[in-house]
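Under UniProt numbering, the first residue of the sequence shown is numbered 1, with each subsequent residue one higher.
Here's the structure, in structure tokens; my notes come after.
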Amino acid sequence: MLSNQRIVIIGGGISGKLAARVLSDFFKEVVILERDNESIGPSPRKGARQGEHLHALLHAGQYGLEELFPGITENFYASGAVKINSTKDLAWFHHGVWKLRYDGGYTTTLQTRPHLEWHIEKYINKIPNISVHYNQTVKNLLYDVDENRVFGVGTRF
Ligand SMILES: Cc1cc2nc3c(=O)[nH]c(=O)nc-3n(C[C@H](O)[C@H](O)[C@H](O)COP(=O)(O)OP(=O)(O)OC[C@H]3O[C@@H](n4cnc5c(N)ncnc54)[C@H](O)[C@@H]3O)c2cc1C
Numbered sequence: 001m002l003s004n005q006r007i008v009i010i011g012g013g014i015s016g017k018l019a020a021r022v023l024s025d026f027f028k029e030v031v032i033l034e035r036d037n038e039s040i041g042p043s044p045r046k047g048a049r050q051g052e053h054l055h056a057l058l059h060a061g062q063y064g065l066e067e068l069f070p071g072i073t074e075n076f077y078a079s080g081a082v083k084i085n086s087t088k089d090l091a092w093f094h095h096g097v098w099k100l101r102y103d104g105g106y107t108t109t110l111q112t113r114p115h116l117e118w119h120i121e122k123y124i125n126k127i128p129n130i131s132v133h134y135n136q137t138v139k140n141l142l143y144d145v146d147e148n149r150v151f152g153v154g155t156r157f
């Protein structure tokens, strides 16, 4: 059942966007407050500094994303992500030894973090009860002592 309440998510990284997608099934309005500017395309941004690194999306994560955003896996590949056999195609040196390479039947998808986030964002932008507000830094939580609950956030533009 859809609650009439508005829910606020602090930070529009991958966790924030995924939380928004899930909560959009339960709340009337989902608001993401993100301190960075809106990205233009799959490019690194200040708030996600590891953006230039290659990101490995493991099988279970990919399965979960596909459940939330049907078709997203094919979209990754269509714009340049690479699929590898997780246990066979990687040369992995760990604790002084090379890991044994074998065909374990699982795939991993390789892409940059901004590329992954950009695809998620395209789905998020199509969900009518989610809005993303950029250049909004959350500075504090507004707390009701009597009710012992957080009822809002304070932001800096
Ligand atoms: C070098 C490196 C390599 C990695 N490789 C992999 C990999 O191969 N595979 C993998 O799955 N993971 C990898 N990770 C981990 C992965 O990048 C992180 O777990 C993931 O990006 C975290 O996402 P997040 O949305 O939780 O947090 P973040 O990406 O940190 O997002 C937080 C968001 O909140 C915003 N924010 C912060 N404070 C505020 C505020 N006060 N008000 C408003 N907005 C705010 C930020 O701008 C940002 O957009 C790697 C990490 C690093 C550092």
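Ideal Cβ placement from N, Cα and C applies to all residues, glycine included.
In its chain, beyond the 5 residues on either side, Lys-99 have a beta carbon closer than 8 angstroms to the beta carbon of Phe-93. Val-138 has its Cβ nearer than 7 angstroms to a heavy atom of ligand 1.
Leu-116 sits close to His-55, with the two beta carbons spaced by under 8 angstroms. One alpha carbon belongs to Trp-118, the other to Val-153, and they sit about 26 angstroms apart.
Of Ile-10, Ser-24, Ala-19, Lys-17, the smallest CA-CA separation from Leu-2 is found for Ser-24.
DSSP places Ile-84 within a strand segment (E or B) once states are collapsed to three. Gly-12 is a Cβ neighbour of Ile-32, given a cutoff of 8 angstroms. Cα atoms of Val-97 and Ala-91: separation of roughly 11 angstroms, rounded to the nearest angstrom. Closest in alpha carbon position to Val-30, among Ser-43, Gln-5, Glu-52, is Gln-5.
Its chain contains Val-153, Gly-154 as the residues whose beta carbon lies nearer than 8 angstroms to that of Asn-140, once the 5 sequence neighbours on both sides are disregarded; these appear in chain order. With at least 16 other beta carbons inside 10 angstroms of its own, Ile-9 counts as buried. Assignment of Glu-147 by DSSP, reduced to helix, strand and coil, places it in the coil class. Scanning the region 83-131 for uninterrupted alpha helix (DSSP H) segments of 4 residues or longer gives 113-124, listed from N- to C-terminal end. For Arg-35, the Cβ falls inside the 7 angstroms cut-off from some heavy atom of ligand 1. A distance criterion of 7 angstroms places the beta-carbon of Leu-142 beyond contact range of ligand 1, judged by its closest non-hydrogen atom.
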